[in-house]
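Quick note, the sequences are listed as chains F and X, same order.
Whatever position you read off the first sequence (first residue = 1), add 127 for this note's numbering.
Whatever position you read off the second sequence (first residue = 1), add 25 for this note's numbering.
Cβ coordinates follow ideal geometry from the N, Cα and C atoms, glycine included.
First up is the structure itself, then whatever we jot down about it.
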Amino acid sequence: MIPELGHFALILALCMSLVLAIVPMIGSLNNTPGWVDLARPAAHGQFIFLVIAFGCLVNAFLSNDFSVLYVARNGNSQLPDIYKISAVWGAHEGSLLLWALILGAWTVAVSLFSRNLPAEMLARVLSVMGMVSIGFLSFLIFTSNPFERIFPVPLEGGDLNPLLQDFGLAIHPPMLYMGYVGMSVAFSFAIASLIGGKLDAAWARWSRPWTLIAWVFLTIGITLGSWWAYYELGWGGWWFWDPVENASFMPWVVATALIHSLAVSEKRGAFKRWTVLLALLAFSLSLLGTFLVRSGVLTSVHSFAADPARGLFILVFLAIVIGSSLTLYAWRAPEVSSGGKFSFFCRETLLLVNNLLLVVVAAFILLGTLAPLVFDAMGWGKISVGFPWFSKMFTIFTPFLVIVMGIGPLARWKRQDPAELAKKLRLALIVSISGGLLVALPLFYEGSAWSGFAVMLSLWLVSTLFISLRQRYQYRGGISGMLRDLGSRGSGSYYGMVIAHFGVAFFIIGITLVTQMDVEQDVRMSPGQTIELGKYNFRFEGTRTIQGPNYRAERGTVRVFDHANKEVAVLSPEKRTYLVQSKPMTEAGIDPGFLRDVYVSLGEPLGGGDWSLRLYYKPFIRWVWLGGILIGLGCLLAATDKRYRVAKSRKVAATQGLSDQSVSEGQPS
Amino acid sequence: MTRFLRYLVPLAIFFVLVVFLYRGLSLDPKLIPSPLIGKAMPQFVLPRLQEPDATISDKDLLGKVSIVNIWASWCVSCRAEHEVLLRLAQTGKVDIYGLNYKDDRANAQRWLSQLGNPYIVNAFDADGRTGIDWGVYGAPETFVIDSKGIIRYKQVGPLTVDILNTKIYPLLKELQPAT
Numbered sequence: 128m129i130p131e132l133g134h135f136a137l138i139l140a141l142c143m144s145l146v147l148a149i150v151p152m153i154g155s156l157n158n159t160p161g162w163v164d165l166a167r168p169a170a171h172g173q174f175i176f177l178v179i180a181f182g183c184l185v186n187a188f189l190s191n192d193f194s195v196l197y198v199a200r201n202g203n204s205q206l207p208d209i210y211k212i213s214a215v216w217g218a219h220e221g222s223l224l225l226w227a228l229i230l231g232a233w234t235v236a237v238s239l240f241s242r243n244l245p246a247e248m249l250a251r252v253l254s255v256m257g258m259v260s261i262g263f264l265s266f267l268i269f270t271s272n273p274f275e276r277i278f279p280v281p282l283e284g285g286d287l288n289p290l291l292q293d294f295g296l297a298i299h300p301p302m303l304y305m306g307y308v309g310m311s312v313a314f315s316f317a318i319a320s321l322i323g324g325k326l327d328a329a330w331a332r333w334s335r336p337w338t339l340i341a342w343v344f345l346t347i348g349i350t351l352g353s354w355w356a357y358y359e360l361g362w363g364g365w366w367f368w369d370p371v372e373n374a375s376f377m378p379w380v381v382a383t384a385l386i387h388s389l390a391v392s393e394k395r396g397a398f399k400r401w402t403v404l405l406a407l408l409a410f411s412l413s414l415l416g417t418f419l420v421r422s423g424v425l426t427s428v429h430s431f432a433a434d435p436a437r438g439l440f441i442l443v444f445l446a447i448v449i450g451s452s453l454t455l456y457a458w459r460a461p462e463v464s465s466g467g468k469f470s471f472f473c474r475e476t477l478l479l480v481n482n483l484l485l486v487v488v489a490a491f492i493l494l495g496t497l498a499p500l501v502f503d504a505m506g507w508g509k510i511s512v513g514f515p516w517f518s519k520m521f522t523i524f525t526p527f528l529v530i531v532m533g534i535g536p537l538a539r540w541k542r543q544d545p546a547e548l549a550k551k552l553r554l555a556l557i558v559s560i561s562g563g564l565l566v567a568l569p570l571f572y573e574g575s576a577w578s579g580f581a582v583m584l585s586l587w588l589v590s591t592l593f594i595s596l597r598q599r600y601q602y603r604g605g606i607s608g609m610l611r612d613l614g615s616r617g618s619g620s621y622y623g624m625v626i627a628h629f630g631v632a633f634f635i636i637g638i639t640l641v642t643q644m645d646v647e648q649d650v651r652m653s654p655g656q657t658i659e660l661g662k663y664n665f666r667f668e669g670t671r672t673i674q675g676p677n678y679r680a681e682r683g684t685v686r687v688f689d690h691a692n693k694e695v696a697v698l699s700p701e702k703r704t705y706l707v708q709s710k711p712m713t714e715a716g717i718d719p720g721f722l723r724d725v726y727v728s729l730g731e732p733l734g735g736g737d738w739s740l741r742l743y744y745k746p747f748i749r750w751v752w753l754g755g756i757l758i759g760l761g762c763l764l765a766a767t768d769k770r771y772r773v774a775k776s777r778k779v780a781a782t783q784g785l786s787d788q789s790v791s792e793g794q795p796s
Numbered sequence: 026m027t028r029f030l031r032y033l034v035p036l037a038i039f040f041v042l043v044v045f046l047y048r049g050l051s052l053d054p055k056l057i058p059s060p061l062i063g064k065a066m067p068q069f070v071l072p073r074l075q076e077p078d079a080t081i082s083d084k085d086l087l088g089k090v091s092i093v094n095i096w097a098s099w100c101v102s103c104r105a106e107h108e109v110l111l112r113l114a115q116t117g118k119v120d121i122y123g124l125n126y127k128d129d130r131a132n133a134q135r136w137l138s139q140l141g142n143p144y145i146v147n148a149f150d151a152d153g154r155t156g157i158d159w160g161v162y163g164a165p166e167t168f169v170i171d172s173k174g175i176i177r178y179k180q181v182g183p184l185t186v187d188i189l190n191t192k193i194y195p196l197l198k199e200l201q202p203a204t
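Structure follows, in structure tokens:
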């Protein structure tokens with residue numbers, strides 16, 4: 128009975144989304160206030176029914192209702208409760224339901240926190256979100272109903288894929304979806320503005336906090352995914368350039384360009400056509416990602432059941448949404464004024480350069496991801512584009528990105544005297560080059576050209592950020608002035624930028640040093656045997672069998688000693704066999720550290736108590752995720768900037784377009 | 026007009042993309058042409074799964090058309106495929122040989138007794154060495170071998186009724202003209 132209620136609620140949610148997509152939009156076009164006002168209740172109604180539907184599915188998992196096909200496939204009575212809940216989004220149907228729920232939540236959030244928007248603008252934004260929702264809800268109801276019943280009812284469920292029985296992965300998809308779907312807000316704002324023909328600074332100011340928050344979720348989601356891959360897959364990798372990973376990374380890269388471009392559009396009224404295109408692209412790539420993941424057109428380590436009928440549905444949906452929005456763009460964009468004037472060399476130009484670089488990077492990722500498909504379709508044979516191709520591409524573009532990233536925050540808006548800027552940058556140049564050389568020359572450290580280069584780039588970022596901070600310090604009148612300044616308008620986005628850019632510096636060091644200096648070895652070890660690797664000695668103490676809630680495991684014990692023979696860590700890697708799917712799973716034993724990880728995973732038993740083991744010494748690996756977290760935090764701080772809240776009370780100013788926006792952003796200019 | 030055209034570029038790129046994606050839907054990325062097709066099957070001598078003392082070798086497959094199916098009890102897709110194999114065995118059109126790949130003998134035997142046994146004989150490839158010779162990419166995989174021991178077809182991933190009808194049966198008909 129309850130699953131039928133869920134199914135019914137889903138259908139009602141679709142009805143609500145139909146109302147939301149049609150009525151307020153028409154009302155806004157022919158000025159019918161009553162129709163316009165329907166946007167908010169329709170959005171809320173849609174969300175309520177989605178919550179009911181989602182609750183019903185959660186309930187089916189928790190109560191082990193195996194008469195529901197989806198539960199019978201992915202649930203199990205032995206599953207710990209937390210994984211029963213995460214099993215809801217462990218496969219296709221449920222994860223789509225989660226997607227729809229999150230879209231509903233974003234829609235409600237927009238309706239609640241955008242009271243300063245003109246009514247017809249809000250109606251259009253919500254209405255566009257409703258249109259997207261129609262697509263996903265009808266996809267759910269017509270091709271992927273999560274509430275489908277099965278008869279005869281199996282006694283036990285097929286269990287959640289053991290790979291997904293992990294806390295990191297329980298929260299990774301919701302985070303990622305929050306990011307993906309959050310991009311629909313910027314998209315809807317862009318479409319609504321294109322329809323109204325009013326692309327102004329106010330539009331940028333409205334969409335900016337939403338985009339920032341969505342980007343925070345996307346950043347955290349990707350970071351979590353990479354961390355999960357690292358400790359759960361048992362081969363020490365943390366990014367594989369897999370199509371599914373690329374599907375999440377492309378929107379991230381474009382959204383990064385978008386949040387920077389929005390800043391320019393908001394403050395200077397420039398790049399508006401470009402910004403609106405980025406807003407359309409960011410969400411389009413999110414949708415494309417869904418298509419790639421769900422249709423099975425590409426092979427991926429994230430093997431989902433592929434269904435061509437579903438693939439066709441998403442493709443048609445994709446074509447309608449993206450095709451019509453790009454058509455709207457082609458029709459309306461030429462009418463948009465190009466906005467604020469600026470000279471050739473200034474902060475705007477630098478931001479534009481980085482924007483273009485980011486879009487090129489995204490294009491290359493798209494190319495690499497789709498190349499196997501294109502080659503196949505053209506009959507040129509089967510190819511696979513692997514890790515080396517993508518890392519080469521990244522090594523080429525990142526240095527340029529970072530160099531411009533260092534200069535950008537120090538440059539003035541509108542017009543910049545190159546000589547003055549060079550003077551500011553001199554110190555940063557000296558610091559970064561000497562620091563880089565210090566690492567590159569084997570004099571002091573293990574020495575490698577690449578490590579030196581990475582350190583140089585990071586120091587460049589860090590020192591330019593310090594120069595910028597010193598400027599602000601002088602400008603605001605010392606520490607007390609800066610502290611007073613903390614709550615003021617614009618300070619959130621300034622300090623957020625500083626933190627996020629510091630994160631990038633950490634990230635670059637982490638990514639390069641771990642690639643350059645990590646040591647790994649596959650070994651056969653007998654109990655009591657010791658093997659030296661990197662700075663450590665590993666002693667294998669044998670394994671014993673343990674019993675988990677729904678698995679059996681062989682747990683090994685590996686003691687790690689440093690060269691002074693002091694015990695550093697005791698690691699317990701496991702080889703688990705989950706009882707239902709009888710799938711072997713590797714749980715790595717990791718001793719995390721700020722400067723290095725020691726990582727051990729169990730391979731196969733080789734008889735006589737011997738095992739094959741994989742030992743890793745991974746320097747600076749934590750910096751990769753630390754960078755990701757800092758980037759996310761910085762962006763969160765920027766999203767909470769006071770001026771987005773101040774804007775609410777200045778409703779009139781906001782609606783009239785803020786061309787008078789102040790030019791300085793924490794910079795003496 | 027040229028000013029207007031510039032704004033159509035994103036739409037044009039997207040259109041090309043959709044064409045490829047549409048094409049992609051009807052292509053199977055898992056369909057990897059095996060370098061072994063048209064060549065003699067790799068030699069092997071392995072213990073049998075059910076009679077550990079007896080062996081089976083590639084010589085036993087000669088003289089008739091046969092199917093070699095690579096499977097394991099830990100492989101979820103193999104379970105999905107099992108029904109199809111049973112159906113194929115029931116037709117009596119062809120002998121199915123199993124290559125039990127990197128498996129546990131007890132688990133594999135339990136699998137066959139519980140789910141039914143479509144195989145004539147199962148070779149037991151505990152360390153997966155023979156699987157490597159056959160270029161196993163991931164279980165399940167299925168090969169069609171002609172009477173001279175030449176590999177004529179390879180399927181990566183589970184067999185489906187559709188594949189039986191469109192690929193396997195026509196090929197068998199071609200290879201077994203007498204029947």
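Three-state secondary structure (DSSP) of G174(X): Under the three-state reduction of DSSP, G174(X) is assigned to coil, being neither helix nor strand.
Whether V488(F) touches L552(F) by CB criterion (9 Å): The criterion of a C-beta distance shorter than 9 Å is not satisfied by V488(F) and L552(F).
Completely contained alpha helix (DSSP H) runs for the segment 136 to 221 of chain F, where each covers 4 or more residues: Runs of the alpha helix (DSSP H) spanning 4 or more residues and lying entirely within the segment 136 to 221 of chain F occur at 160 to 163, 166 to 189, 196 to 201, 208 to 213, in chain order.
Partners in chain X for F418(F), counting only beta-carbon separations shorter than 9 Å: Here the neighbours are L46.
Neighbourhood of S430(F) by C-beta distance below 7 Å, restricted to the same chain and skipping five residues each side: With a pLDDT of only 46 at S430(F), under the threshold of 50, the placement of this residue in the model should not be trusted, and no figure is reported.
Residues bridged to N15(X) [DSSP beta-bridge criterion]: Any property of residue 15(X) remains undetermined from this structure, which presents chain X solely from 26 to 204.
Straight-line gap, Y358(F) to M712(F) (C-alpha atoms, nearest Å): Within the model, the alpha-carbon separation for Y358(F) versus M712(F) is close to 12 Å.
Proximity test, Cβ basis, 9 Å: W99(X) and chain F: Yes, W99(X) counts as interfacial toward chain F.
Residues of its chain near F40(X), where Cβ-Cβ distance is below 6 Å and the 5 sequence neighbours each way are ignored: Around F40(X): no qualifying Cβ.
Chain F contact for P72(X) (CB, 9 Å cutoff): Answer no: the Cβ-Cβ gap between P72(X) and chain F never drops below 9 Å.
Other residues of its chain near S590(F): CB distance less than 7 Å, five sequence neighbours each side excluded: In the same chain as S590(F), and ignoring 5 residues on each side of it, the C-beta atoms closer than 7 Å to its own belong to L554, A555, V558, S559, in chain order.
From A297(F), L479(F), V463(F), L568(F), residue whose alpha carbon lies closest to that of A328(F): Checked all of A297(F), L479(F), V463(F), L568(F); the closest Cα to A328(F) is V463(F).
Proximal residues of chain X, C-beta to C-beta of P711(F) below 8 Å: At a C-beta separation below 8 Å, P711(F) has these neighbours in chain X: W99.
When L722(F), G735(F), D737(F), C762(F) are compared against P746(F), the one with the closest alpha-carbon: P746(F) has its Cα closest to that of L722(F), out of L722(F), G735(F), D737(F), C762(F).
Segment limits, beta strand (DSSP E) that includes W96(X): From DSSP, the beta strand (DSSP E) with W96(X) extends over 91 to 96.
Exposed unless 16 or more other CB atoms sit within 10 angstroms - verdict on S353(F): By the 16-neighbour rule on beta-carbons within 10 angstroms, S353(F) is buried.
Cβ separation of I626(F) and L764(F), assumed to be a contact under 8 Å, to the nearest whole Å: At roughly 6 Å, the Cβ-Cβ gap stays under 8 Å, so I626(F) and L764(F) are in contact.
Close beta carbons around D78(X), own chain, < 8 Å, minus the five adjacent residues each side: Taken in chain order, the residues that qualify are P72.
Residues that Q648(F) contacts on chain X, provided the C-beta gap is smaller than 9 Å: Taking the beta carbon of Q648(F) as reference, no residue of chain X falls within 9 Å; the closest one sits roughly 21 Å away.
Endpoints, alpha helix (DSSP H) assigned at R154(X): Where R154(X) is concerned, the enclosing alpha helix (DSSP H) stretches over 154 to 158.
Where E659(F) falls, given that 16 or more other Cβ within 10 Å makes a residue buried: By the neighbour-count rule (16 or more Cβ atoms within 10 Å), E659(F) is not buried but exposed.
Members of the segment 295 to 323 of chain F that neighbour chain X once the beta carbon cut-off is set at 9 Å: Those residues of the segment 295 to 323 of chain F placed with their C-beta closer than 9 Å to a C-beta in chain X do not exist.
L42(X), DSSP secondary structure in three states: Here DSSP, grouped into helix, strand and coil, assigns L42(X) to helix.
Between the CA atoms of M644(F) and G438(F) - distance to the nearest angstrom: Cα to Cα, G438(F) sits roughly 42 Å from M644(F).
Continuous alpha helix (DSSP H) stretch holding T383(F): start and end: Residues 370 to 395.
Beta strand (DSSP E) segment containing K702(F), residue limits: It spans 701 to 705 - the beta strand (DSSP E) in which K702(F) sits, taken as one unbroken run.
Any 3 or more C-beta pairs closer than 8 Å across the segment 167 to 183 of chain F and the segment 245 to 259 of chain F: The segment 167 to 183 of chain F vs the segment 245 to 259 of chain F: in contact.
Same chain, Cβ closer than 6 Å to I447(F), neighbours up to 5 away in sequence not counted: Cβ neighbours of I447(F) beyond the five flanking positions: none.
Under 7 Å from the C-beta of I87(F): neighbouring residues of chain X: For chain F, the structure presents residues 128 to 796; residue 87(F) sits outside this window and is missing.
Sheet register partners of G495(F) (DSSP bridge): As DSSP reads the structure, G495(F) sits in no beta bridge.
Residue-level contact to chain X via CB, A331(F), 9 Å cutoff: By this cut-off, A331(F) is not an interface position.
Supposed contact pair Y456(F) and V881(F) - C-beta distance, whole angstroms, cut 8 Å: Past the edges of chain F, shown from 128 to 796, lies residue 881(F), and the structure says nothing about it.
Assigned exposure category for V119(X) - 16 Cβ within 10 Å defines buried: So V119(X) counts as buried.
Through-space distance from R177(X) to N125(X), alpha-carbon basis: Their backbone Cα atoms lie some 21 Å apart in a straight line.
Assigned secondary structure, D884(F) (DSSP; H/G/I helix, E/B strand, else coil): Shown here, chain F extends from 128 to 796; a query on residue 884(F) therefore has no answer.
Buried versus exposed call for S51(X) [16 or more other C-beta atoms within 10 Å across all chains shown]: By the C-beta density criterion, S51(X) is exposed, having fewer than 16 other C-beta atoms within 10 angstroms.
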